[in-house]
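S.K.:
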Amino acid sequence: MGTTLLLAPLLAPLAAGALAAVLPWGRVVAATGVVAALVILASAIGLAAVAGSPAAGARVGWLHADALAVFMLLVIGVVATLATLAGIGYVQAELAAGHTTPGSVRWYGVLVQVFIAAMVTAVESRNLGITWVAIEATTVATAFLVGHRRTRAAMEATWKYVLICSVGIALALLGTVFLYLAALHAGATTTQALDLGWLTTHAGALDPGVTRMAMGLLLLGYGTKAGLVPFHTWLADAHSQAPAPVSALMSGVLLAVAFSILARIRVIADGAVGPGFLRVGLLVVGLLTLVVAAGLLVVQRDYKRMLAYSTMENMGLLALAAAAGTPLATTALLLHILGHGIGKSVLFLSSGQVQQAHGSTAIADVSAILTRRPLLGAVLAAGLAALIGLPPFSLFASELGIVRGLAERGLVLPLGIGLLLVLIAAAALVRHGIGLLLGSPQPDQPRIALPATVAIPLVVGVVLLVALGISVAPLQTLLTHAGAILAGPR
Amino acid sequence: MSPTTYAGLVDLAAASLLLASVLVVWRRDVRAMVTVLAVQGLAVAALPVLEGLHGHEPSLFGIAGLMLALRAVAIPAILAHLVRDRPEARETRPLVNVSASLLVVALLTTVAYGVAQPLVALDPTPAVHAAPAALAVVLIAVFTMATRRRAMSQVIGFLMLDNGIVALAFLTTQGIPLVVELGASLDVLLAVVVLQVLVGRMRAATGGTDLDDLAELRD
Numbered sequence: 007m008g009t010t011l012l013l014a015p016l017l018a019p020l021a022a023g024a025l026a027a028v029l030p031w032g033r034v035v036a037a038t039g040v041v042a043a044l045v046i047l048a049s050a051i052g053l054a055a056v057a058g059s060p061a062a063g064a065r066v067g068w069l070h071a072d073a074l075a076v077f078m079l080l081v082i083g084v085v086a087t088l089a090t091l092a093g094i095g096y097v098q099a100e101l102a103a104g105h106t107t108p109g110s111v112r113w114y115g116v117l118v119q120v121f122i123a124a125m126v127t128a129v130e131s132r133n134l135g136i137t138w139v140a141i142e143a144t145t146v147a148t149a150f151l152v153g154h155r156r157t158r159a160a161m162e163a164t165w166k167y168v169l170i171c172s173v174g175i176a177l178a179l180l181g182t183v184f185l186y187l188a189a190l191h192a193g194a195t196t197t198q199a200l201d202l203g204w205l206t207t208h209a210g211a212l213d214p215g216v217t218r219m220a221m222g223l224l225l226l227g228y229g230t231k232a233g234l235v236p237f238h239t240w241l242a243d244a245h246s247q248a249p250a251p252v253s254a255l256m257s258g259v260l261l262a263v264a265f266s267i268l269a270r271i272r273v274i275a276d277g278a279v280g281p282g283f284l285r286v287g288l289l290v291v292g293l294l295t296l297v298v299a300a301g302l303l304v305v306q307r308d309y310k311r312m313l314a315y316s317t318m319e320n321m322g323l324l325a326l327a328a329a330a331g332t333p334l335a336t337t338a339l340l341l342h343i344l345g346h347g348i349g350k351s352v353l354f355l356s357s358g359q360v361q362q363a364h365g366s367t368a369i370a371d372v373s374a375i376l377t378r379r380p381l382l383g384a385v386l387a388a389g390l391a392a393l394i395g396l397p398p399f400s401l402f403a404s405e406l407g408i409v410r411g412l413a414e415r416g417l418v419l420p421l422g423i424g425l426l427l428v429l430i431a432a433a434a435l436v437r438h439g440i441g442l443l444l445g446s447p448q449p450d451q452p453r454i455a456l457p458a459t460v461a462i463p464l465v466v467g468v469v470l471l472v473a474l475g476i477s478v479a480p481l482q483t484l485l486t487h488a489g490a491i492l493a494g495p496r
Numbered sequence: 386m387s388p389t390t391y392a393g394l395v396d397l398a399a400a401s402l403l404l405a406s407v408l409v410v411w412r413r414d415v416r417a418m419v420t421v422l423a424v425q426g427l428a429v430a431a432l433p434v435l436e437g438l439h440g441h442e443p444s445l446f447g448i449a450g451l452m453l454a455l456r457a458v459a460i461p462a463i464l465a466h467l468v469r470d471r472p473e474a475r476e477t478r479p480l481v482n483v484s485a486s487l488l489v490v491a492l493l494t495t496v497a498y499g500v501a502q503p504l505v506a507l508d509p510t511p512a513v514h515a516a517p518a519a520l521a522v523v524l525i526a527v528f529t530m531a532t533r534r535r536a537m538s539q540v541i542g543f544l545m546l547d548n549g550i551v552a553l554a555f556l557t558t559q560g561i562p563l564v565v566e567l568g569a570s571l572d573v574l575l576a577v578v579v580l581q582v583l584v585g586r587m588r589a590a591t592g593g594t595d596l597d598d599l600a601e602l603r604d
């Protein structure tokens, strides 16, 4: 049973991708994509029952499903379901408006599923080498998705995305090589040397000098994919140019998946070179990311870029949580990943509808969404409120948990600076949000379409955020065990 | 192969890698850079051959063949094709001039030897003693990417970076697992293919405009 549940999330999107390659885009292909996402979600729920304790969990070859892997699968499943469902209406509108061709759409159908399968592999792999290949495969799959519209701006974004992420991931490869070397010298066989389990239990035997180099490079490398400073410059360009469902997947899960790998690696680093090394690294990178994100949010004029910088802000927050590294902080970190994934997907998918209506992503061009399309306006308002960290949404609880985690660890100064930057970012989001949502409707403003396939995932997303904010009881066991993996051995 | 010959040949390959990087920084003609890159690919592919002969592991010859085909033949060929019909293929916009760049390269090489001390201390074999040269290639590549503005120069910088990393892997660990090596190859291929497709799309869309002229996305 465990084997089936472990393989299903991998095979389902691959099968759906193969189908999309054979058949032209249409109801069958689109529906299969949604079903594949639901299979991931269902498998994650099934695996959660098996992953009762941190050590347990299904395992086949180099695939495993410990509590952390199951939790990340759950996030992928939820966001992929929302994004593929909303993708149906989005693609239809793009085709109708002549922004894309049936040939490109077929590629879209294939690449989205390959992208999802690569993320599942990255999460389920217990071998750091294969995880690296999977993360790199996400760049391969998404490169042409970012440039889907083939405009000048889309091509520029694709180029920056491919180049910067390739360099980042190459640095992660170098880090992986150094870690492999350290592990071989600590007595690992070639198959054990990149195994997460072996590295975690034998971390103390790794050569500190080489491991330090490895960890610095891995922080930079996976940090690139997670949108952390200094290689964050691809993020806003790619997120603003990609089709809305792809932005949702990238912002909602891809960055979080890359970050979860970094958080796992931190446990190995703590065992090998002591907890101070990566803590300082994560604090510096996290705070600088917050500075850049908050600054650019304040001056932002483009609503899709605004959402991208808000994602960066949240990734900075995750870095601070990982730096604290107490069980409380890591559990909150995971809950934040889930809440942010859902909230940001809802916002990107909504922004896609606005963009299709206006043909522009400038904040100044859009106003009065709340009166022109009340349901969409309400969803946008709820999504922004969630991101700012207001109750009753789950991000309120997770941000509170991160704050308490940092305080628990005695990191008072970073906490103070971080809170100030989060407040600045929140104020900017409120100001821009008011500009988009309120105002009096003008007669010449275009009608914003909201087909059922888009409306349903938006409403479901908001309902999920509220439900998680009221109670995380159904997830509590999984969260606690997954958080314990990230907190490391006591 | 006697240990002395092996050590000498490893040093030769590593030195060629480093020399190729210096040449890329020195030359501003993109076509010359592509040729140098092919030579560097050859030097990288020589490393698994030497390790295979030294450690009696024939499986490394297969990897060497793959790397030779990709890094010394296929990728340089695609790049050469891209610059063939562009007579103006010179790096016209370096942020740092050539003589200053060469000084930085010398500095980076020194830094690489300092940084690589933990590696050498951990495992003082002849191959690891040559590793700092590969690390220097990595640093020089990052510097090249940061100071060159043309898309073509940046891709060449990235390919140097990748050559340096793969060479480091062979010098320090007798090669990373095959899947990882394949993944790394896929990554360099992607960068080159995306470049090719984008250049094609740009020409189809706007006629003469170059990828380098794109600068619309900023805050």
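Taken in order, these protein sequences are the chains called A and B. So for the first sequence, my numbering puts the first residue at 7; every next one is plus one. So for the second sequence, my numbering puts the first residue at 386; every next one is plus one. Beta carbons are placed, not taken as given, at the ideal position from N, Cα and C, and that holds for glycine. Since we're looking at a predicted model, the values are computed, not measured.
1) Within the 7 Å Cβ cut-off, does A/Ala-176 reach chain B?
2) If you measure between the beta carbons of A/Val-35 and A/Leu-44, is that distance less than 7 Å?
3) Closer than 7 Å, CB to CB, is B/Pro-509 near chain A or not?
4) Please name the residue, chosen from A/Val-304, A/Leu-353 and A/Ala-403, that lies closest to A/Leu-429 on a Cα-to-Cα basis.
5) Show which residues of chain B have a CB atom less than 8 Å away from the CB atom of A/Val-305.
6) DSSP three-state label for A/Pro-60, please.
7) Do A/Leu-260 and A/Ser-316 have their beta-carbon atoms positioned less than 7 Å apart in this structure?
8) At least one CB of chain B closer than 7 Å to the CB of A/Val-139: is that the case?
9) Contact criterion: CB-CB distance below 7 Å. Does B/Ile-525 meet it with respect to chain A?
10) Roughly how many angstroms separate the alpha carbons of A/Ser-373 and A/Leu-313, rounded to a whole number?
11) What's the C-alpha gap between A/Ala-335 and A/Val-409?
12) My parser needs the alpha helix (DSSP H) runs of 4 or more residues fully inside the segment 22 to 102 of chain A; what are they?
13) Can a CB atom of chain B be found closer than 7 Å to the CB of A/Met-161?
14) Please state whether the Cβ-Cβ distance between B/Val-490 and B/Val-407 is less than 7 Å.
15) Using a Cβ cut-off of 7 Å (strictly closer), state whether B/Asp-597 contacts chain A.
16) With a threshold of 16 other CB atoms inside 10 Å of the CB of A/Gly-67, please say whether the residue is buried or exposed.
17) Taking Cβ-Cβ distances shorter than 7 Å, what residues in chain A pair up with B/Glu-436?
18) Using a beta-carbon distance below 7 Å, is A/Glu-130 in contact with chain B?
19) So B/Ala-536 and B/Asp-597 are supposed to be a Cβ contact under 8 Å. How far apart are they, rounded?
20) Can you say whether A/Gly-424 is buried or exposed, counting buried as having 16 or more other CB atoms within 10 angstroms of its CB?
21) Excluding five sequence neighbours on each side, which residues of the same chain lie with their C-beta closer than 7 Å to the C-beta of A/Pro-60?
22) What does a CB cutoff of less than 6 Å around A/His-346 pick up in its chain, not counting 5 residues either side in sequence?
23) Going along the chain, which residues of its own chain have a beta-carbon closer than 7 Å to the beta-carbon of A/Phe-354, five neighbours each way excluded?
24) List the residues of chain A whose Cβ lies closer than 8 Å to the Cβ of B/Ile-550, in chain order.
25) Quick check: the segment 274 to 293 of chain A against the segment 113 to 120 of chain A, are at least 3 beta-carbon pairs closer than 8 Å?
26) Grab the span of the alpha helix (DSSP H) containing B/Asn-482 for me, first residue to last.
27) Interface residues of chain B around A/His-191 at Cβ under 9 Å?
28) Using the beta-carbon of each residue, which ones in chain B are nearer than 9 Å to A/Gly-441?
29) In terms of residues, what are the limits of the alpha helix (DSSP H) holding B/Ala-392?
30) Give me, in chain order, the residues of the same chain whose beta-carbon lies closer than 8 Å to that of A/Val-152; leave out the 5 immediate sequence neighbours on both sides.
31) Got a sec: is the Cβ-Cβ distance from A/Ser-110 to anything in chain B below 7 Å?
32) The alpha helix (DSSP H) that contains A/Thr-337, what's its start and end?
33) Taking contact to mean at least 3 C-beta pairs separated by less than 8 Å, is the segment 406 to 424 of chain B in contact with the segment 456 to 470 of chain B?
34) What is the rounded straight-line gap between the Cα of B/Pro-605 and the Cα of A/Leu-179?
M.R.: Inspection of the coordinates gives the following:
1) Locating residue 176 of chain A in the first sequence gives position 170, counting from the first residue. Cβ-Cβ to chain B under 7 Å: yes for A/Ala-176.
2) In the first sequence, residue 35 of chain A corresponds to position 29, counting from 1. In the first sequence, residue 44 of chain A corresponds to position 38, counting from 1. The answer is no: Cβ separation not under 7 Å.
3) As a working mapping, residue 509 of chain B is identified with position 124 in the second sequence. No, its Cβ sits nowhere closer than 7 Å to a Cβ of chain A.
4) In the first sequence, counting from the first residue as 1, residue 429 of chain A sits at position 423. When only C-alpha atoms are compared, the closest one is A/Val-304.
5) Stepping through the first sequence from its first residue, residue 305 of chain A is reached at position 299. Asp-604, listed in chain order.
6) In the first sequence, the residue the question calls residue 60 of chain A occupies position 54. Low confidence applies here, because A/Pro-60 scores a pLDDT of 46, under 50, leaving its location unreliable and the question unanswered by this model.
7) Sequence index remark: in the first sequence, residue 316 of chain A carries index 310 (1-based). Sequence index remark: in the first sequence, residue 260 of chain A carries index 254 (1-based). Result no, Cβ atoms of A/Ser-316 and A/Leu-260 do not sit closer than 7 Å.
8) Counting from 1 along the first sequence, the entry for residue 139 of chain A is found at position 133. Taking Cβ atoms only, chain B reaches closer than 7 Å to A/Val-139, which makes this a yes.
9) Numbered from 1 along the second sequence, position 140 holds the residue referred to as residue 525 of chain B. It does not; no Cβ of chain A falls within 7 Å.
10) Mapped onto the first sequence, residue 373 of chain A falls at position 367. Mapped onto the first sequence, residue 313 of chain A falls at position 307. Their backbone Cα atoms lie some 17 Å apart in a straight line.
11) The residue you call residue 335 of chain A lines up with position 329 of the first sequence. The residue you call residue 409 of chain A lines up with position 403 of the first sequence. The alpha-carbon atoms of A/Ala-335 and A/Val-409 are separated by roughly 8 Å.
12) 33 to 56
13) The residue labelled residue 161 of chain A in the question sits at position 155 within the first sequence. With 7 Å as the cut-off, A/Met-161 counts as an interface residue toward chain B.
14) Numbered from 1 along the second sequence, position 105 holds the residue referred to as residue 490 of chain B. Numbered from 1 along the second sequence, position 22 holds the residue referred to as residue 407 of chain B. The answer is yes: Cβ separation under 7 Å.
15) The count along the second sequence starts at 1 and reaches residue 597 of chain B at position 212. For B/Asp-597, the answer is no, since every Cβ of chain A falls outside 7 Å of its Cβ.
16) Here the question's residue 67 of chain A lines up with position 61 in the first sequence. Label assigned to A/Gly-67: exposed.
17) Position 51 of the second sequence, counting from 1, holds the residue named residue 436 of chain B. Neighbours of B/Glu-436 in chain A, taken as residues at a C-beta separation under 7 Å, are lacking, since the least C-beta distance is about 14 Å.
18) To locate residue 130 of chain A, count along the first sequence from 1; it is residue 124. Taking Cβ atoms only, chain B never reaches closer than 7 Å to A/Glu-130, which makes this a no.
19) Within the second sequence, the letter at position 151 stands for residue 536 of chain B. Within the second sequence, the letter at position 212 stands for residue 597 of chain B. The Cβ separation is near 6 Å, so the contact holds.
20) Numbered from 1 along the first sequence, position 418 holds the residue referred to as residue 424 of chain A. Buried is the call here.
21) Locating residue 60 of chain A in the first sequence gives position 54, counting from the first residue. The predicted position of A/Pro-60 is uncertain, since its pLDDT is 46 and thus under 50; no value can be drawn from it.
22) Along the first sequence, one-based indexing puts residue 346 of chain A at 340. Within the same chain, A/His-346 has close Cβ partners Asn-320.
23) Here the question's residue 354 of chain A lines up with position 348 in the first sequence. Around A/Phe-354: Ala-250, Ser-253, Ala-254, Ser-257 and Leu-313.
24) Looking up residue 550 of chain B in the second sequence gives position 165. Going along chain A in sequence order, the residues near B/Ile-550 (Cβ under 8 Å) are Ala-176, Leu-179, Leu-180 and Val-183.
25) Here the segment 113 to 120 of chain A makes no contact with the segment 274 to 293 of chain A; the two share fewer than three CB pairs at distances below 8 Å.
26) By 1-based counting over the second sequence, the position of residue 482 of chain B is 97. For B/Asn-482, there is no enclosing alpha helix (DSSP H), as DSSP marks it with neither H nor E.
27) Locating residue 191 of chain A in the first sequence gives position 185, where the first residue counts as 1. Going along chain B in sequence order, the residues near A/His-191 (Cβ under 9 Å) are Leu-507 and Asp-508.
28) Position 435 of the first sequence, counted from the start, is the residue given in the question as residue 441 of chain A. Neighbours of A/Gly-441 on chain B: none; closest Cβ ~17 Å, over 9 Å.
29) Reading the second sequence from its first residue, position 7 is the one you call residue 392 of chain B. Per DSSP, B/Ala-392 belongs to the alpha helix (DSSP H) from 388 to 411.
30) Here residue 152 of chain A is taken as the residue at index 146 of the first sequence, counted from 1. Ala-160, Ala-163, Thr-164, Tyr-167, Ala-244, Gln-247, Ala-248 and Val-252.
31) Counting from 1 along the first sequence, the entry for residue 110 of chain A is found at position 104. Chain B contact via Cβ: absent.
32) By one-based count along the first sequence, residue 337 of chain A stands at place 331. Its alpha helix (DSSP H) spans residues 333 to 364.
33) yes
34) Outside the shown range of chain B (386 to 604) lies residue 605 of chain B, about which nothing can therefore be said.
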